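Enquirer: In terms of full-length UniProt numbering, the sequence shown opens at residue 1 and continues consecutively.
Just so it is clear, CB atoms sit at the ideal spot from N, CA and C, and this is done for glycine as well.
These figures come from a predicted structure and were not determined experimentally.
Structure incoming, see below.
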Amino acid sequence: VPPKVEYTASDVARELESAFEQLGTWVERHHEYIAAAQEAYDTGRVGVVAP
């Protein structure tokens with residue numbers, strides 16, 4: 001039987017749960033802008049990307 005490891009977040013780490021949820025919501029809302037900025041960076045067209 002292979003060894004089994006279970007991980008859990010500490011109470012302090014769990015305080016960040018709502019912040020991560022908010023960040024995820026922000027990413028979902030702005031995913032097109034993020035993708036355009038990444039594409040501009042990858043192709044060397046670094047500068048301001050219009051939302």
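Could you compute how far the alpha carbon of Glu6 sits from the alpha carbon of Ala13?
Expert: The residue labelled residue 6 in the question sits at position 6 within the sequence shown. The residue labelled residue 13 in the question sits at position 13 within the sequence shown. Straight-line Cα distance between these residues: approximately 16 Å.
Enquirer: Looking at the structure shown, is Thr8 part of a helix, part of a strand, or coil, going by DSSP?
Expert: Sequence index remark: in the sequence shown, residue 8 carries index 8 (1-based). Thr8 falls in the coil class under three-state DSSP.
Enquirer: Considering Glu17, what are the terminal residues of the alpha helix (DSSP H) in which it resides?
Expert: Mapped onto the sequence shown, residue 17 falls at position 17. It spans 17 to 29 - the alpha helix (DSSP H) in which Glu17 sits, taken as one unbroken run.
Enquirer: Below 6 Å CB to CB, which residues in the same chain sit around Phe20 once its five sequence neighbours on both sides are set aside?
Expert: In the sequence shown, counting from the first residue as 1, residue 20 sits at position 20. Nothing meets the Cβ criterion.
Enquirer: Secondary structure at Arg14, three-state DSSP: helix, strand or coil?
Expert: Here residue 14 corresponds to residue number 14 of the sequence shown, with the count starting at 1. In this structure, Arg14 counts as helix in the three-state DSSP scheme.
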